[in-house]
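Just so it is clear: in the sequence shown, position 157 is 173 by my numbering, and no numbers are missing. A virtual CB, placed ideally from N, CA and C, is assigned to each residue, including glycine.
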Amino acid sequence: MRVRIWGCLAILVLVGCDSRRSPRLGVSEARASTRAKRPPPAPPPPAQEEELLDPEEPVHVFENGRKVRTIEHVQALREGYTVVDLSNDWAPYILGDCQAGGQCFRNDYRPTFVALANRRPLPEGAIDPEGPYLELFGINPTLSLIKSRIAEDAEKPCIERLTYDALREFDGLLAYQPGTDSSWIRTQAQSTGYGATRVAKKLGLSGPDELRGVRGQERIYERYHEADVRHRALLEAQDRAICEGLVPRGLKLRRGVFDLPTHLALAQFERKNRVFGWGFVGRDTIVPLRRSPEEGHYQTFVRMLEERVADGARVLEDGSVRQIRGAPTTFRTLDGKTEPLRNLVEEYRDVVLAQMGLDTREKFFTWLAARADEELEKFKIAVKLPPRPSYYGPAMELSVEVDRGDVWYDFPWDDEGNPIPQPVVRRPHLTLYTTYNGQKIPIVYFGTTIGGWRSEHVDGEEYYAYKNSDVGERVWRQILAAPIWIPPDTTPVSGLVTKPRANGRRFVNYQEFGPGYASAYGLVAAFNQQPATRPDGTTVYFDWGIRTHGSHDYMSIMQRHSHGCHRLYNHLAIRLFDYVLRHRVHTVEGQTRVEYGRTFEFEDRPYRLELHSRGYQFLLDPPVPVNVLPGRIMGRVKRPIEEPIRKPGVVYRADTAATVDPVTGLPIPAPTPAGDTEGAQESIAPEPVTTPEVTPAY
């Protein structure tokens with residue numbers, strides 16, 4: 017391996033998503049200062065050349081809806097084809113064992129990624145806490161896995177009995193409401209149906225549906241019809257969940273009742289169909305519920321193909337920049353022509369579907385059924401794609417802008433622990449730009465997160481602390497694939513262990529630390545570092561602990577706060593950093609090594625945490641500039657509150673100390689309750705807590 021980080025050097029990068037700390041010197045810079053500076057890496061090679069480990073590997077050429085020939089990989093590139101890897105053993109560039117320039121270092125997480133994508137047995141020690149549907153976590157199923165799911169459904173008689181009429185008519189929202197009578201949907205349908213039936217009978221009609229259009233009965237019919245459609249839509253959704261085997265094992269749902277098993281089953285349905293939701297009937301979830309399971313499998317293939325095409329074509333543009341108010345919709349070429357900003361991901365995906373002749377579900381099912389699993393294990397295709405925009409080149413001038421959106425520094429709870437409303441209209445976003453021909457051209461516009469009020473461990477007790485997202489100019493220099501999160505000492509120990517298992521036991525929460533899609537940093541992370549120039553003209557990079565990274569907590573993005581980091585959906589984080597690395601000069605450092613140990617106690621039981629890697633590292637040279645904008649500061653408090661604040665309603669050790677002075681015999685005044693921000697302007701009014709300078713245990 018190229019890099020081994022041992023001893024005190026490792027401690028320099030053990031800060032994560034906590035900008036309240038003093039900055040640390042970036043690990044790569046510390047290493048560089050102890051040895052001769054190596055020559056700069058060569059520019060990245062032309063598109064796709066870095067993958068030619070086997071130039072003679074067969075590639076299937078598709079044109080006009082059919083396969084026309086099989087040629088060698090290198091020949092396909094020479095003839096101007098784009099090669100798209102549809103193999104079962106595919107992994108994104110960041111998880112490859114070999115990258116640009118033929119630099120080859122084993123990526124420890126790659127076998128796990130491939131196993132998860134195929135639902136195969138995992139390597140020893142690997143973790144899969146959320147299977148079997150992992151698209152929302154950044155791992156698409158392979159062609160062989162999609163094929164097996166289609167075959168499983170073909171054996172289910174219930175598939176043919178599914179109906180969709182009510183779901184296609186329903187335009188409301190049904191959601192699980194803990195602590196309430198969830199049978200109201202069924203009860204209301206029964207009561208309104210009974211009343212409408214009586215009215216219809218009096219009028220000599222055969223049933224309540226015939227009340228439609230009857231003068232004077234409009235309200236009765238509307239109430240009946242609305243309740244009936246809502247109830248039948250829930251029944252159809254429950255039938256779908258039962259048929260597809262999505263109800264958690266050991267649970268049984270109640271027909272026509274939006275109970276917990278129904279909620280959990282719909283959440284699995286959302287994961288299966290890559291819907292960002294909370295187990296609803298309605299909103300984005302209603303779209304795949306209205307499709308047949310067969311159509312659902314086809315859409316799964318289309319999404320998988322989209323990721324592979326974006327990877328093969330080295331493109332990122334997905335049309336998201338259209339959401340930017342006032343953003344340009346065109347750019348000028350070097351010869352003065354005006355060209356539109358394109359959605360290259362969708363455009364190229366549709367071209368590949370057409371060239372392969374797989375633009376309908378029926379065609380895809382027929383084609384896939386004819387493919388043996390052995391053939392799909394290594395299956396690359398070659399297609400002709402429209403030229404990429406002229407702003408593309410071997411080394412693009414990329415930059416990043418993070419708009420923090422609406423920012424609230426005020427303490428968000430009152431003395432009784434009730435939340436104080438802090439409305440947010442403008443959400444945080446990350447925009448990637450390229451500079452070309454004097455223009456700053458937006459490539460993508462991704463929703464992200466900023467820091468906020470979070471729990472923090474101080475001297476054995478939990479407080480609230482504001483986790484700020486630093487403002488100002490930073491850079492991306494280090495990118496870690498399958499990163500490891502090393503928790504600061506301020507992390508509450510409750511977060512270092514798992515929830516109790518069936519036997520009541522807890523374990524060290526390695527799922528949170530990684531590597532893996534469910535780790536705190538997701539599948540990839542970039543360090544937001546602050547450059548500074550030394551007197552001798554060299555540059556040093558300071559690390560304030562802020563990262564831009566993928567996230568397992570996909571519903572937190574654009575909705576909740578982080579600990580200061582900028583979270584992204586895992587699949588978009590993979591696309592983003594694959595793109596950055598393929599269009600910028602970089603060096604592959606390989607699997608970094610650390611030896612980190614920490615012993616702690618929770619609920620009177622000792623635990624030992626050991627971590628041996630930081631992830632698979634890339635170094636960008638030069639770094640990518642990142643500018644974090646202040647956003648719109650809301651509320652009365654105009655600067656981040658630096659001191660931890662007591663949690664309302666929590667009794668602290670200081671509150672239970674002796675109430676009588678043993679010398680004078682006089683009462684000792686009780687501490688002032690914390691959390692009251694009334695009258696705060698530039699600073700916080702509640703009682704601050706002194707935070708000792710902490711260094712992670714080692």
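Boundaries of the beta strand (DSSP E) in which residue i is found, first to last residue
i, result
"N767", "Residue 767 is absent from the structure shown; the chain starts at 17 and stops at 714."
"Y480", "477 to 482"
"T564", "555 to 567"
"H473", "469 to 474"
"L584", "582 to 585"
"V99", "98 to 101"
"F347", "346 to 348"
"V423", "422 to 424"
Whole-Å CB distance - residue i paired with residue j, under 8 Å assumed
i, j, result
"F616", "L512", "6 Å"
"H577", "A534", "The Cβ separation is near 19 Å, so there is no contact."
"E489", "N643", "5 Å"
"V540", "G566", "5 Å"
"A343", "P458", "6 Å"
"G467", "G580", "4 Å"
"V399", "V367", "7 Å"
"Q254", "R271", "6 Å"
"A542", "Q607", "Not quite, the Cβ-Cβ distance comes to about 17 Å (not below 8 Å), so this is no contact."
"R443", "G463", "6 Å"
"Y668", "E477", "6 Å"
Assigned secondary structure, residue i (DSSP; H/G/I helix, E/B strand, else coil)
i, result
"M574", "coil"
"T376", "coil"
"A370", "helix"
"F616", "strand"
"C33", "coil"
"K456", "strand"
"E417", "strand"
"K396", "strand"
"R85", "strand"
"A58", "In this prediction, A58 has a pLDDT of 46, which is less than 50 and means its spatial position is unreliable; nothing more can be read from the coordinates."
"R214", "helix"
"N544", "strand"
"V361", "helix"
"V653", "coil"
"I684", "Residue placement at I684 is flagged as unreliable, the pLDDT there being 48, under the threshold of 50; a coordinate-derived value is accordingly withheld."
"E65", "Caution is warranted here: a pLDDT of 49 is assigned to E65, below 50, making its placement in the model unreliable, and no coordinate value can be reported."
"H599", "coil"
"H579", "coil"
"N643", "strand"
"R669", "helix"
"P356", "strand"
"E549", "Rather than Glu, the amino acid found at residue 549 in this sequence is Thr. T549 falls in the strand class under three-state DSSP."
"R202", "helix"
"I27", "Note that I27 has pLDDT 35, beneath the 50 cutoff, so the model's placement of it is unreliable and no number is given."
"W429", "strand"
"A48", "Low per-residue confidence applies at A48: pLDDT is 34, beneath 50, and the placement is therefore not dependable, though the value from the model is reported in the following sentence. Looking at A48 - three-state DSSP - the assignment turns out to be helix."
Element boundaries [alpha helix (DSSP H), containing residue i]
i, result
"D241", "Residue 241 is actually His in this sequence, not Asp. Looking at the DSSP string, the run of the alpha helix (DSSP H) that includes H241 is 234 to 259."
"I340", "No alpha helix (DSSP H) holds I340; DSSP gives it neither H nor E."
"G488", "Here G488 belongs to no alpha helix (DSSP H); instead the beta strand (DSSP E) covers 488 to 497."
"I162", "159 to 170"
"D181", "181 to 185"
"M320", "309 to 329"
In DSSP terms, what residue i is bridged to
i, result
"C114", "C120"
"Q718", "There is simply no residue 718 to check, as the chain begins at 17 and stops at 714 in what is shown."
"T506", "Note: T506 sits in no beta bridge, so no partner."
"L627", "Y612"
"E79", "R82"
"H445", "D419, G463"
Minimum Cβ-Cβ distance from residue i to chain D less than 8 Å
i, result
"N434", "In the displayed structure, chain D is absent; only one protein chain is listed."
(Q) Would you call the stretch 180 to 189 in contact with the stretch 340 to 352, where contact means no fewer than 3 C-beta pairs closer than 8 Å? (A) no
(Q) Between the stretch 409 to 420 and the stretch 365 to 381, can you find at least three pairs of beta-carbon atoms closer than 8 Å? (A) no
Q.
Does the contact criterion of 3 or more C-beta pairs under 8 Å hold for the stretch 294 to 306 versus the stretch 420 to 440?
A. no
Q: Evaluate the contact criterion for the stretch 432 to 445 versus the stretch 107 to 114: three or more CB pairs, one atom per stretch, below 8 Å.
A: no
(Q) Tell me whether the stretch 152 to 167 and the stretch 93 to 110 touch, counting them as touching only if at least three CB pairs, one residue from each stretch, are closer than 8 Å. (A) yes
Q.
Using a Cβ distance threshold of 8 Å, determine whether the stretch 257 to 268 contacts the stretch 278 to 290, with at least three qualifying pairs required.
A. yes
(Q) If contact is defined by three or more beta carbon pairs under 8 Å, each pair taking one atom from either stretch, is the stretch 207 to 216 in contact with the stretch 320 to 340? (A) no
Q. Hey, is the stretch 163 to 177 in contact with the stretch 379 to 393, meaning 3+ C-beta pairs nearer than 8 Å?
A. yes
Q) Touch check for the stretch 172 to 181 and the stretch 241 to 256: three-plus C-beta pairs under 8 Å? A) yes
(Q) Across the stretch 485 to 503 and the stretch 631 to 647, are there enough close Cβ pairs to call them in contact, namely three or more that are closer than 8 Å? (A) yes
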